[in-house]
Amino acid sequence: MIQERIAALRSLMAERQIDAYMIPTSDFHESEYVGDYFKCRKFITGFTGSAGTAIITQTEARLWTDGRYFVQAAKQLEGTGVLLMKSGQEGVPTEEEYLAEVMPQNGTLGFDGRVVNSQLGEKLEELLEDKHVKFSWKEDLVDLIWEDRPALSAEPVWILKENYAGKSAADKIADLREAMKKEKTTVHVLTTLDDIVWLLNIRGNDVVCNPVVLSYALVTMERFYLFINEAVLDSEVKSYLKELGVTVRPYNDIYDAVSQLKGQKVLLETAKTNYAIISNLDESNAVVDRMNPTAPAKAVKNPVEIENMKKAHIKDGVAMVKFICWLKKNIGKQTITELDAEHYLDNLRAEQEGNLGLSFHTISAYGANAAMCHYSATPESNTTLEPKGLYLVDSGGQYYEGTTDVTRTISLGETTEAEREHFTLSVISMLRLAAVKFLYGCRGLNFDHGTGHGVGYLLNVHERPNGIRWRMVPERQDNCVLEEGMVTSDEPGVYIEGSHGVRTENLIVCKKAEKNEYGQFMEFEFLTFVPIDLEALDKSLMNERDVELLNSYHSAVYEKISPYLTAEEAEWLKENTRAV
Numbered sequence: 059m060i061q062e063r064i065a066a067l068r069s070l071m072a073e074r075q076i077d078a079y080m081i082p083t084s085d086f087h088e089s090e091y092v093g094d095y096f097k098c099r100k101f102i103t104g105f106t107g108s109a110g111t112a113i114i115t116q117t118e119a120r121l122w123t124d125g126r127y128f129v130q131a132a133k134q135l136e137g138t139g140v141l142l143m144k145s146g147q148e149g150v151p152t153e154e155e156y157l158a159e160v161m162p163q164n165g166t167l168g169f170d171g172r173v174v175n176s177q178l179g180e181k182l183e184e185l186l187e188d189k190h191v192k193f194s195w196k197e198d199l200v201d202l203i204w205e206d207r208p209a210l211s212a213e214p215v216w217i218l219k220e221n222y223a224g225k226s227a228a229d230k231i232a233d234l235r236e237a238m239k240k241e242k243t244t245v246h247v248l249t250t251l252d253d254i255v256w257l258l259n260i261r262g263n264d265v266v267c268n269p270v271v272l273s274y275a276l277v278t279m280e281r282f283y284l285f286i287n288e289a290v291l292d293s294e295v296k297s298y299l300k301e302l303g304v305t306v307r308p309y310n311d312i313y314d315a316v317s318q319l320k321g322q323k324v325l326l327e328t329a330k331t332n333y334a335i336i337s338n339l340d341e342s343n344a345v346v347d348r349m350n351p352t353a354p355a356k357a358v359k360n361p362v363e364i365e366n367m368k369k370a371h372i373k374d375g376v377a378m379v380k381f382i383c384w385l386k387k388n389i390g391k392q393t394i395t396e397l398d399a400e401h402y403l404d405n406l407r408a409e410q411e412g413n414l415g416l417s418f419h420t421i422s423a424y425g426a427n428a429a430m431c432h433y434s435a436t437p438e439s440n441t442t443l444e445p446k447g448l449y450l451v452d453s454g455g456q457y458y459e460g461t462t463d464v465t466r467t468i469s470l471g472e473t474t475e476a477e478r479e480h481f482t483l484s485v486i487s488m489l490r491l492a493a494v495k496f497l498y499g500c501r502g503l504n505f506d507h508g509t510g511h512g513v514g515y516l517l518n519v520h521e522r523p524n525g526i527r528w529r530m531v532p533e534r535q536d537n538c539v540l541e542e543g544m545v546t547s548d549e550p551g552v553y554i555e556g557s558h559g560v561r562t563e564n565l566i567v568c569k570k571a572e573k574n575e576y577g578q579f580m581e582f583e584f585l586t587f588v589p590i591d592l593e594a595l596d597k598s599l600m601n602e603r604d605v606e607l608l609n610s611y612h613s614a615v616y617e618k619i620s621p622y623l624t625a626e627e628a629e630w631l632k633e634n635t636r637a638v
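Read left to right, the sequence shown gives residues 59 to 638 (the numbering used here).
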């Protein structure tokens, strides 16, 4: 099947004299997760992981992916003729290096210009300039051979009321225009889905777990054009958008619209804007390449959003406590697999008032499976939980009151000294980071691991530009100065391949602390209230301050969550948040 698809693609390539065809994992908006319509790389290679790039030539088919997926990709590519390229491994060229090597003089590189970002496109132009390589980007060749391709998602759009959003869309649009003025720009092209729905205070369901809407926006000082499938807008939403001064146009008209711009200063972000849009811009326009102003504005949650997120985390904490209590009481007494546990927790979340679904696919991982940071249990990998060792569950929900993301590692019985040590170190690290005070402007803290990411408000669970990492990598765009109101995950972890994985994750909100002669200090406040497993804890590794932080946190967990539990569950929580 895969070999037939590749053969059909090569036939189309030969007709068009295309020497290599590149298929990334992307939609038209550079989204982290993509809908079924956009899974061309999966279709052509059979590899189902969430990250990877395929490059097909007339003689080779190669797939690049990262270390999370080496084992999975090797299995799925077996017998397909597609060669696995293990990104980051010694001796493995990058996709760009491979193309620089295999592209012939005066050759043609093909790709769908809507799924390759402009930054990468420009990089390839420079890299292949000496070989005078031409780009064929106006055609989606996979679409021509994908007979039963899923339709583009067209889920209904709904309005997020101001009592949840905390700020009107009109005010947000006014702020955006002020930011455009500061950059001395006249037009802003916005293609990132979470930015668009945040700006307009609307939500949808076009990407699994991300309540976004397939759309583009083009903003001038006087006009706001929204490019969208009009069928997803009911009369209420149409009226609402009209009152905001928004003109609705067909989704694909964005390309014609940008081609009509002449002599403008266009604000856009090349890393987030597809190559086709940039290529349609007339040369009379000047491009100002900056991070979308909506990204940092969206990251700073307003007081209403913060108060709502606190409410969402109480609901989420209730679901988590009920789950952990159930798991502890039933392990070893009934058969529970990773998928059983995952479904039980997902159902508990769904029962919470105002829950709109999951914020990402639940990671339910027992034993060695937990050493794979982004493991996803499948019927093939589904492991039965035993009354020993550690079980890791990373999960979250979408609520009208916001987005949650929490990880707990749970002792199911007897644990090894190494498991207890690693568990305790992750708990200590999480608590110490949350308790730190730092001078405003401090960018990150020296943890030798990616320790935190920004989180949206009823939006993407991974949100830039804030993050907590030990290393500054500008292109990651998650190392900004932490501002008051930014919500970030606090999730140190330890992963021992073939043995176990540990992660303890809470969400924290940044706020102002004291101001003195040294300047303004900042601190964090917990949003997440879920107990930490005392059975896996090695108190000998903790100092007096660590114990104090844990006891204080557990006291707050009991106070906030117990009123919403049954008497039996509340008693369990009381015992499992006792002072140590």
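Virtual Cβ for every residue (Gly too), placed ideally from N, Cα, C.
Beta carbon of residue i nearer than 8 Å to that of residue j
i              : j                 : result
glycine 708    : threonine 461     : Residue 708 lies beyond the stretch modelled for the chain, which goes from 59 to 638, so this question has no answer here.
glutamate 479  : asparagine 440    : no
aspartate 452  : serine 547        : no
tryptophan 204 : isoleucine 260    : no
glutamate 521  : glycine 512       : yes
leucine 135    : phenylalanine 105 : yes
leucine 182    : leucine 167       : yes
glutamine 456  : leucine 516       : yes
methionine 367 : leucine 585       : yes
valine 346     : leucine 325       : yes
glutamate 459  : alanine 435       : no
lysine 102     : valine 200        : As written in the sequence, residue 102 is isoleucine, which differs from the lysine given in the question. Yes, these two residues count as a Cβ contact at 8 Å.
alanine 428    : leucine 443       : no
glutamate 57   : threonine 250     : What is shown of the chain runs 59 to 638, which leaves residue 57 out entirely.
glutamine 116  : arginine 68       : yes
glutamate 180  : threonine 83      : no
valine 615     : phenylalanine 587 : yes
leucine 416    : cysteine 267      : yes
alanine 227    : alanine 289       : no
valine 306     : leucine 291       : yes
tyrosine 313   : isoleucine 336    : no
Beta carbon proximity, residue i to chain B, threshold 8 Å
i          : result
valine 215 : Although the question refers to chain B, the structure presented lacks it and comprises just one protein chain.
Minimum C-alpha distance to residue i - residue among the options
i              : options                        : result
lysine 133     : Gly146, Gln147, Gly107, Glu153 : Gly107
leucine 403    : Ile382, Asn413, Leu414         : Ile382
alanine 109    : His432, Asp596, Phe579, Val513 : His432
lysine 60      : Cys98, Gln456, Ser297          : In the sequence as presented, lysine is not what sits at residue 60; that position holds isoleucine. Taking only the C-alpha atoms, the option nearest isoleucine 60 is Cys98.
valine 539     : Pro354, Met143, Leu595         : Pro354
glutamate 475  : Lys320, Ile364, Glu593         : Glu593
lysine 100     : Leu121, Gly303, Ser484         : Leu121
tryptophan 256 : Glu220, Asn310, Asp347         : Glu220
leucine 258    : Val277, Cys500, Val245, His419 : Val277
threonine 331  : Pro550, Asp591, Gln322, Val316 : Val316
leucine 234    : Asp253, Pro351, Tyr79, Pro208  : Pro351
threonine 420  : Ser598, Val271, Arg466, Lys386 : Arg466
lysine 189     : Lys569, Pro621, Asp77          : Asp77
proline 208    : Lys373, Val92, Ser469          : Val92
lysine 369     : Leu489, Tyr222, Ser484, Ala357 : Tyr222
glutamate 280  : Asp252, Val295, Thr243         : Thr243
arginine 172   : Arg603, Tyr333, Ile566         : Tyr333
glutamate 606  : Thr562, Ile486, Gly543, Ile619 : Ile486
Residue range of the unbroken alpha helix (DSSP H) whose run includes residue i
i            : result
serine 176   : 176-185
proline 354  : 352-357
tyrosine 298 : 293-301
valine 306   : That residue, valine 306, is in no alpha helix (DSSP H); its beta strand (DSSP E) goes 304-307.
arginine 63  : 60-73
valine 615   : 602-619
valine 316   : 312-317
Paired residues, beta bridge with residue i - DSSP
i                 : result
glutamine 578     : Lys573
cysteine 568      : Phe582
tyrosine 553      : Gly559
tyrosine 79       : Ile114, Gly168
phenylalanine 282 : Val277, Val304
N-terminal and C-terminal residue of the beta strand (DSSP E) that residue i is part of
i              : result
asparagine 164 : It is not in any beta strand (DSSP E) - asparagine 164 carries neither H nor E in the DSSP assignment.
arginine 348   : No beta strand (DSSP E) contains arginine 348, which DSSP labels as neither H nor E.
asparagine 518 : It is not in any beta strand (DSSP E) - asparagine 518 carries neither H nor E in the DSSP assignment.
lysine 632     : Per DSSP, lysine 632 belongs to no beta strand (DSSP E); it is in the alpha helix (DSSP H), 625-634.
**Message:** As an exercise, report each continuous alpha helix (DSSP H) stretch of at least 4 residues that is fully enclosed by the region 100-157, in chain order.
**Reply:** 128-135
**Message:** Report the start-end ranges of each alpha helix (DSSP H) in the region 181-239 that is 4 residues or longer and not cut off at the edges.
**Reply:** 199-203, 220-223
**Request:** Let me know the alpha helix (DSSP H) ranges lying completely inside the region 374-435, each 4 residues or longer, listed in chain order.
**Result:** 396-408
**Asked** What are the complete beta strand (DSSP E) segments, minimum 3 residues, inside the region 448-509?
**Response** 448-453, 455-457, 464-469
**Request:** Only counting runs of 3 or more residues, tell me where the beta strand (DSSP E) segments fall wholly within the region 236-260, in order along the chain.
**Result:** 245-248
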